[in-house]
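Taking it in order: structure first as structure tokens, then the write-up.
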Amino acid sequence: MAKNSETEVKDVEAKVLDLSKSMERMKSLHADRDDVVVELNRSQLSRLELIARDLQQVFEQLPDDNDQFEFALTKGETPRLWIDMSTYVRMGAMPHQYELIKDTRMGRIILATSINKERFGQLVTDYMADKILERERLIEGEWISMSGYQFDSEEKDVAVNSNTVQPKGSHWRSFLWFCIGGIISLSSLFAWIWFGDLPTFLQ
Numbered sequence: 000m001a002k003n004s005e006t007e008v009k010d011v012e013a014k015v016l017d018l019s020k021s022m023e024r025m026k027s028l029h030a031d032r033d034d035v036v037v038e039l040n041r042s043q044l045s046r047l048e049l050i051a052r053d054l055q056q057v058f059e060q061l062p063d064d065n066d067q068f069e070f071a072l073t074k075g076e077t078p079r080l081w082i083d084m085s086t087y088v089r090m091g092a093m094p095h096q097y098e099l100i101k102d103t104r105m106g107r108i109i110l111a112t113s114i115n116k117e118r119f120g121q122l123v124t125d126y127m128a129d130k131i132l133e134r135e136r137l138i139e140g141e142w143i144s145m146s147g148y149q150f151d152s153e154e155k156d157v158a159v160n161s162n163t164v165q166p167k168g169s170h171w172r173s174f175l176w177f178c179i180g181g182i183i184s185l186s187s188l189f190a191w192i193w194f195g196d197l198p199t200f201l202q
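Under numbering that gives the first Met the number 0, think of the first position of the sequence shown as 0, with each following residue one higher.
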């Protein structure tokens, strides 16, 4: 009878939830998970360092006055290799997959992706070349738009049309001369009616 009572007590104790044991078990699971995350983070960082080494010579070829690119490696929760202020390289969901990402106001865009490091390096280089050409076209367009500007004109306010750049005051002067001419013509007409003879310059 005593043995049966001890067995029942042990069975009841075994069924009671033990918080301390649960905490120890969860700590172990978290440690294993952190090891996996840390290892994955290290692996991604190592692969980004490899592509950064390939791209270093590309960044060294940039003109000294070109500051539109940002070559930096960040070691956050998701390692990133920054190309410019809004574009970076990260590792994708698939193993060894590189992704070129651009953050925009409309959301995040994947510009390019590849598991081939050499091909992906060329894709990033093409992106940089396109941005440089876009910047040069913008600068050239601004210069051409100023090619017809009258820098020696004394007038500060100018009115621009499709062909020339003229001071705004020239329109008022033309209108004034038109009015004066009209007044002279009307005066001559009245003189002819009154005196019966046209002035010599109207004959």
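Beta carbons: idealized from backbone N, C-alpha and C, even for Gly.
Using the rule of at least 16 other Cβ atoms within 10 Å of the residue's Cβ for burial, across every protein chain shown, is I82 buried or exposed? When all chains shown are included, I82 counts as buried.
Going by CA-CA distance only, name the one from L44, S42, L61 that's closest to T124. The shortest C-alpha separation from T124 is found at L61.
I'd like to know whether the C-beta atoms of S85 and D102 end up nearer to each other than 7 Å. Yes. Within cutoff.
Can you tell me whether K116 is helix, strand or coil according to DSSP? Helix.
Continuous beta strand (DSSP E) stretch holding D102: start and end: Secondary structure note for D102: its beta strand (DSSP E) is the uninterrupted segment 97–103.
Out of curiosity, what's the CA-to-CA distance linking T112 and E139? T112 and E139: Cα-Cα distance of roughly 32 Å.
Mark S161 as exposed unless 16 or more other C-beta atoms lie within 10 angstroms of its C-beta, in which case mark it buried. With a pLDDT of 46 at S161, under the threshold of 50, the modelled position of this residue cannot be trusted; read the value that follows with caution. Around the Cβ of S161, a 10 Å sphere holds fewer than 16 other Cβ atoms; the residue is exposed.
May I have the straight-line CA-CA distance separating R136 from R104, to the nearest angstrom? R136 and R104: Cα-Cα distance of roughly 24 Å.
Distance, Q43 Cα to R74 Cα: Rather than Arg, the amino acid found at residue 74 in this sequence is Lys. If I take the Cα positions, the gap works out to 10 Å.
Rank F68, R41, N40 by C-alpha distance to the C-alpha of D129 and give the top, closest one. The shortest CA-to-CA distance from D129 to any of F68, R41, N40 is the one to F68.
Bridge partners of G91, per DSSP? In DSSP, G91 forms no bridge with anything.
DSSP three-state assignment for T77, whether helix, strand or coil: Coil at T77, not helix or strand.
Given I108 as reference, the closest of I114, V88, H95, E76 once Cα atoms are compared: Comparing Cα-Cα distances from I108 to each of I114, V88, H95, E76, the minimum goes to V88.
Inspect the beta-carbon positions of L18 and L47 and report whether they are closer than 7 Å. No, they are not a contact pair.
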